[in-house]
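Residue numbers (full-length UniProt numbering): 1 to 273. C-beta atoms are modelled at their ideal positions from N, C-alpha and C, and glycine is treated no differently. In this text the structure is predicted, and so the values were computed from the model without any measurement. What follows is a single structure, written as structure tokens, with notes after it.
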């Protein structure tokens, strides 16, 4: 039975980190360990994390003495973990369904044992407000696609998986997270993963993306566009040559329309207040 490690990245999310961690521990098949890396928080995070570490034997906390940024923090969390299978999450997000991890494990096992190939197993993605109330789902604007979906992910025309299950071997084989990136480092990794293995959807609810008025997701639209354009450009060589020109055109359109995606999220959040 493969060991599963969950890596939680925390920076000044002391109000949210307990719900995040305990949403994994409440799974019908919980991870074997939850490694929380705190990136030199200045709020009450360390007290909350110390309590979680005392209360749950599966929880282990790594503390950065200085702030190193989100990508470096994720890398340190993966390095500190011991599982054969990985998933990772930001500490302000959480899992909605207690069967999510079990469903992803079973789906991956089917592909590996019956079909002889690795996959990235993922579930549905919902949006919540700062109180954690679910207000929308990304599938309302982005359809789910499975298989080799690099063209859909790089143009953001399909659902972008979040908190997926991936083998450490596959994660390492594509180079893991890039420590040089300070924004959209997860999307960059997903593009490289989608060029290497199939993506498989459980059909289950699962990940909840919380928007609460802080963090990188609230950066200016122009900053989102700049980073998305740069990361798409650097990953275009992964697209087969016959498709590349068409995909590049769609990338340009996607960058221009990125404000619509952000507006979709904000519209539902405002409606919930």
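8 Å contact criterion, which residue i and residue j should meet: CB distance rounded
| i | j | result |
| --- | --- | --- |
| residue 187 | residue 231 | 6 Å |
| residue 101 | residue 29 | 5 Å |
| residue 228 | residue 260 | Not a contact, Cβ separation roughly 13 Å. |
| residue 71 | residue 181 | 5 Å |
| residue 199 | residue 120 | 5 Å |
| residue 33 | residue 77 | About 11 Å separates the two Cβ atoms, so there is no contact after all. |
| residue 138 | residue 159 | 6 Å |
| residue 60 | residue 7 | Actually they are not in contact, since the Cβ atoms of residue 60 and residue 7 sit about 10 Å apart, beyond 8 Å. |
| residue 173 | residue 81 | Going by Cβ atoms, the distance from residue 173 to residue 81 rounds to 17 Å, so no, they are not a contact pair. |
Buried/exposed call for residue i, threshold 16 Cβ in 10 Å
| i | result |
| --- | --- |
| residue 11 | buried |
| residue 155 | buried |
| residue 131 | exposed |
| residue 125 | buried |
| residue 202 | buried |
| residue 128 | buried |
| residue 197 | buried |
Residue i versus residue j - alpha carbon distance
| i | j | result |
| --- | --- | --- |
| residue 69 | residue 43 | 16 Å |
| residue 106 | residue 208 | 21 Å |
| residue 13 | residue 24 | 17 Å |
| residue 92 | residue 16 | 5 Å |
| residue 243 | residue 143 | 20 Å |
| residue 46 | residue 115 | 44 Å |
| residue 256 | residue 65 | 39 Å |
| residue 67 | residue 251 | 33 Å |
| residue 272 | residue 96 | Its pLDDT being 49, under 50, residue 272 is placed unreliably by the model, and the measurement read from it follows with that caveat. Answer to the nearest angstrom: the Cα atoms are 18 Å apart. |
| residue 150 | residue 247 | 10 Å |
| residue 57 | residue 51 | 11 Å |
| residue 37 | residue 249 | 39 Å |
| residue 226 | residue 253 | 13 Å |
| residue 31 | residue 179 | 25 Å |
| residue 236 | residue 184 | 16 Å |
| residue 35 | residue 264 | 32 Å |
| residue 296 | residue 206 | Nothing in the structure corresponds to residue 296, since the chain is present only between 1 and 273. |
| residue 63 | residue 90 | 15 Å |
| residue 162 | residue 168 | 16 Å |
| residue 289 | residue 2 | Absent from the model: residue 289. The displayed extent of the chain is 1 to 273, so no value can be given. |
| residue 135 | residue 262 | 14 Å |
| residue 99 | residue 110 | 17 Å |
| residue 146 | residue 189 | 17 Å |
| residue 133 | residue 19 | 13 Å |
| residue 234 | residue 157 | 18 Å |
Where residue i sits in the DSSP three-state scheme
| i | result |
| --- | --- |
| residue 15 | coil |
| residue 127 | strand |
| residue 33 | strand |
| residue 40 | coil |
| residue 144 | coil |
| residue 5 | strand |
| residue 26 | coil |
| residue 84 | coil |
| residue 280 | This structure gives no information on residue 280, because the portion of the chain shown stretches from 1 to 273. |
| residue 149 | coil |
| residue 239 | coil |
| residue 253 | helix |
| residue 156 | coil |
Could you name each continuous beta strand (DSSP E) segment of 3 residues or more that falls completely within the region 94-123, going from the start of the chain to the end?
119-122, all fully within the region 94-123.
Could I get the ranges of all uninterrupted alpha helix (DSSP H) runs contained in the region 160-222, with 4 residues as the minimum, in chain order?
Correct list: 168-173, 185-196.
Whole alpha helix (DSSP H) runs in the region 43-73 with 4 or more residues, listed along the chain?
Secondary structure in the region 43-73: the alpha helix (DSSP H) runs of 4 residues or longer, each lying completely within the stretch, are 45-55 in chain order.
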